[in-house]
Each structure stands twice: as C-alpha cells, then as structure tokens.
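Take 631 as the starting number for the sequence shown in the working numbering and just add one per residue. Heads up, the thing below is written out as structure tokens.
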Amino acid sequence: MTTQAIKSSSNAPESAIDSVDVLIVGAGISGIGMAVHLREKCPGKSFTMLDRRDEIGGTWNLFQYPGIRSDSDMHTLGFKFEPWTEQKAIADGPSIMKYLHRIKNKNDLDKHIRLGHKVLSASWSSEDARWTVTAEKSNGERAVIYANFLYMGSGYYDYDQGYDAQIPGIEAFKGEVVHPQFWPKDLDYSNKKVIIIGSGATAVTILPNVAEKAAHVTMLQRTPTWYFARDARDKLANFLRKIMPDQWAYNIIRKKNVFMQDLVYRTARNNPEKVIAKLEKPLKKELGDKYNKEDYTPPYGPWEQRLCLVPDSDMFKAIRAGTADVKTGHIDTVTEDGILLKSGEKLDADIIITATGLKLAVAGKVAFEVDGKPINFHDHFYYKGCMFSDIPNMAIVFGYLNASWTLKADIVSEFTCRLLNHMDATSTRIANPVLPEGVVEDELFDFS
C-alpha cells in the first residue's frame, strides 16, 4: 500500500465557526495520548478534542461496576511519557481516572477539550482537503468543525447499547437484569443470589467483588477461559522507585513487561503445553478441591483468545471460600426465579448480570463519507494498523488484542505526528492510503 500525496494550493479553506488542524474524537486514553503527542511533536498544530460524555476518561468513566480495574499492568497500559507511580500495577478504575486527570492538567489540555459533543458525521472534501465534522451538543444544538486531519480515538464499542446475547426467556425473570456497561448506582446485591452470565474479563472482575456481599455468586459460562494469576503489586517496580527517579523505574519495568508479554505470547503459540502448565499451577493451588478440569480447561490454546487476568487470585479465593462457584453449561431458558440449563440443572437467582460482551462499533458509529459517497469500513483495507484505504487524512486507534491497548495507541499517535510533520515538510495537503494492485488479503487478527 502506498500513500497518495496531493500538494498544497494557494487557496486557503473558507472560514468556519471552528477550524483546526487536527480534530481528535474521544477524550479517553487514545485521545488524551494523541493530544500530548501533538503538543510535543507538532507544537504548531491547532487541535480540539471532542467527547460525547460530560467527563474525560472514556471506558474508565463509563464503566462503574464493582471492582472495575485494568486487565493489563499499568506500566504498559500507562503512557510512555507519564510514569505510573501507584503501589498497585493492576489498578482500579478511580486510580486510572486520577492518572488521566493528572496528565490532562499537567499538559494544559482543558482548553482543547469540549465535553458533551457527540460526533454525528464526518464528511471529507478532496477539493477543500478537509473534513467537515458535525457534532450534537448535550443541549441539542449542532456544532460544525472543519479539520485538516481527523484522529478517531473513540474506542471500538457502542456506548449506547451493550451486546444482546439473545438469552432465551430473559424477559420472564422477575428479579433484576443488569448489563455491566450500565451498572445501576443503587443496585443492592447484599445477601442476594447472583448469576453472572459470561466468563470474560468483566465477569472475572465482578465475581470476587460482588461475592463479598452477596449470598452467593455463580459464574455461568458456555466455554471456559484461560486465567492468568499475578500479584496486583509489582514488587520490583515499587523497589526501583525507591532508589531512582520515577521515570527511570517506569521505563525499566515497561520494557521488562513488554518483553515478557511478547515472550509468553510467542511461547503460547509455539509451545502451548508449556504455558498451560504454568497457568494451571496457581489455579489448582488456589482452588484446591474446588478445581474441576471441565470448568477451567478451554477447548483452545492460550492466547488463541485473550487471557483473563486474576489479580491476587481474588476470583479463585472467592470460589474456594464457597461464596462463589463456576458452572459450565448451555442455557435452556431463563425462568421467573433463575436459569434452567439444558442439562436439567436449575440455578436460582435474585439478580442476573449479563457479562456477555460488548457491541462493536467502528469509529464511534459516526456517519463517514468521502466526496459525497458514504463509507462502509468493511469495504476498505487497514493500513499500518491505523488508517483505511481511500479514506484520506484520517487515523484511527484500535489497540492490541495480545498486549495493552496503550502500547498501540502510543505508536499510532507517534506515526500520525510523523505523518503530519512530513506533510508540512513536503507541502502536502492530503495523505491517502492507496491499495496497490495484486495485494494479498490477510486476516485482521490472528485469533480464534
């Protein structure tokens, strides 16, 4: 794939209510990271950041379920330019929000951020070499912004709707049904029987936290997941910060963790039996006689899907204590007071939590068009993991599946800044990935 370059003309873009060099959509990890990179690497560029919510943080502001935390260590989920200095490397949501606010304040980003702006559409004009972006404010008014370059940091899922797993009979349940994406602040699960449907990162996080107050928690899974247990605190990181500057310690641990993550991933793909033995050892130790091979052995190898992190073995401890358990089976139907499995077993419940995943949404459901033609991203090829063929002057962030999201977000930000500086140096107005003839189509992700 090559980059099509169109040189500048003397015609300046027409004036608008708002006009910026770079428009960033999303004020979460991806957007905030790009803003800092822009300030450092493209100091002459004007930029604005839009977010539909009334607070920065993206995912970490939206999700409010019990125990919300990172499922990656903060030495890689954190930014390379801002050290993580908390004792826990596996951080809870409020600590991550505190970290993001510190970065925002340190880099004077408030003046660039417009909250309560939901981007509805983005229309590219090759003649004008710019995007026209329409956003709806929280008061219902519309705002139009012209931008030479568009940076989409709005994540990968639908903020309005959770994934609907089409659970049979769910409407018959007389208790409360809760999706983790929209956790009610007043939900009282004390002394209640709770069923969590799902076995991914969200379910694994919720189980030990809800089990502290609930009468009992059952995690109902169709298929088991591979779990990776580790200490929430990084003892080496905490020691190094005592003997050297925070940034030095952070850089060392970050490089160490990136190396180890890559090593484990490669070993899992090339020698899965070795990794399985490592994963099962703490699992069997913590669960003791509660270990059941059927419930903890997936039908696929480690890292054919993402591993689920279990900090301080909290989930295993709750199961061993008898306050929680895991059931593997298929749902026949939900009844008014629980769930009937196809095996005939009945699980009683006062509350059902549907931790069945997220509804994917490319580029925040924004209606894109290029020169008047609507864009369907499925019809375009992914270029360098951050641009799409035949969509000019637009970068998008989609983090790694086998490593921390921010590692990829940092790379995309740096690439975009290099591209912007190259365009300035060569008086180029448009950068458009063009698909060469004879290119071989490949899968986007190497996961099962």
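C-beta: ideal position from N, C-alpha, C; glycine also.
With DSSP as the reference, label residue 834 as helix, strand or coil.
helix
With a cut-off of 8 Å, do at least 3 Cβ pairs link the region 953–962 to the region 701–717?
no
Residue 1062 by DSSP, collapsed to three states: which one?
strand
What ranges does the alpha helix (DSSP H) occupy inside the region 939–997, keeping only unbroken runs of at least 4 residues that lie completely in it?
944–951
Host alpha helix (DSSP H) of residue 917 (start-end)
902–917
Straight-line CA distance for residue 1009 to residue 1048?
27 Å
Could you check what DSSP says for residue 724 in three-state terms: helix, strand or coil?
helix
Where DSSP assigns a beta bridge to residue 648, which residues make up the other side?
775
Is residue 782 helix, strand or coil when you go by DSSP?
strand
Around the Cβ of residue 1072, are there at least 16 other Cβ atoms within 10 angstroms (buried) or fewer (exposed)?
exposed
Reduced DSSP category for residue 1021 - H, G, I as helix; E, B as strand; rest coil:
coil
Who are residue 730's beta bridge partners in DSSP?
Paired residues: none, contrary to the question.
Whose C-beta lies closer than 6 Å to the C-beta of residue 938 among residues of the same chain, with five residues either side of it excluded?
831, 834, 855, 857
Own chain partners of residue 891 with C-beta closer than 6 Å, once the 5 adjacent residues on each side are dropped:
1033
From the DSSP output, which residues share a beta bridge with residue 792?
988
Going by DSSP, what residue range makes up the alpha helix (DSSP H) through residue 764?
Looking at the DSSP string, residue 764 is not in any alpha helix (DSSP H); the run it does join, the beta strand (DSSP E), is 760–767.
Here's the rule: buried if 16 or more other CB atoms are within 10 angstroms of the residue's CB, otherwise exposed. What is residue 732?
exposed
Counterpart residues of residue 858 in DSSP-defined beta bridges:
939
Under the rule that 16 or more other beta-carbon atoms within 10 Å means buried, what is residue 1052, buried or exposed?
exposed
Run of the beta strand (DSSP E) containing residue 747, from where it starts to where it stops
747–755
Contact check, residue 993 vs residue 1041 under 8 Å by CB: the rounded distance?
The Cβ separation is near 19 Å, so there is no contact.
For residue 1071, does the three-state DSSP call read helix, strand or coil?
coil
Which residue wins for smallest C-alpha separation from residue 1036, given the options 664, 930, 822, 921?
664
Can you grab the Cα-Cα spacing for the pair residue 883 / residue 667, in whole Å?
22 Å
Between residue 988 and the rest of its own chain, which residues show a CB-CB distance below 6 Å, the 5 nearest in sequence each way excluded?
787, 793
Take residue 924 and list the residues in its own chain whose beta-carbon comes closer than 7 Å to its own, dropping the five residues that flank it on each side.
958
Looking only at DSSP bridge pairs, what is residue 846 linked to?
823
Determine the extent of the beta strand (DSSP E) in which residue 712 is found, giving its start and end residues.
First-last for residue 712: undefined, no H or E at that position.
Using DSSP with H/G/I as helix, E/B as strand and the rest coil, what is residue 921?
coil
Kindly indicate which three-state DSSP category residue 810 falls into: helix, strand or coil?
helix
Where does the unbroken beta strand (DSSP E) through residue 680 begin, and where does it stop?
677–681
Euclidean distance between Cα positions of residue 791 and residue 986:
12 Å
For residue 819, which residues from the same chain have a beta carbon less than 7 Å from its beta carbon, with the 5 sequence-adjacent residues on both sides left out?
840, 843, 844, 981
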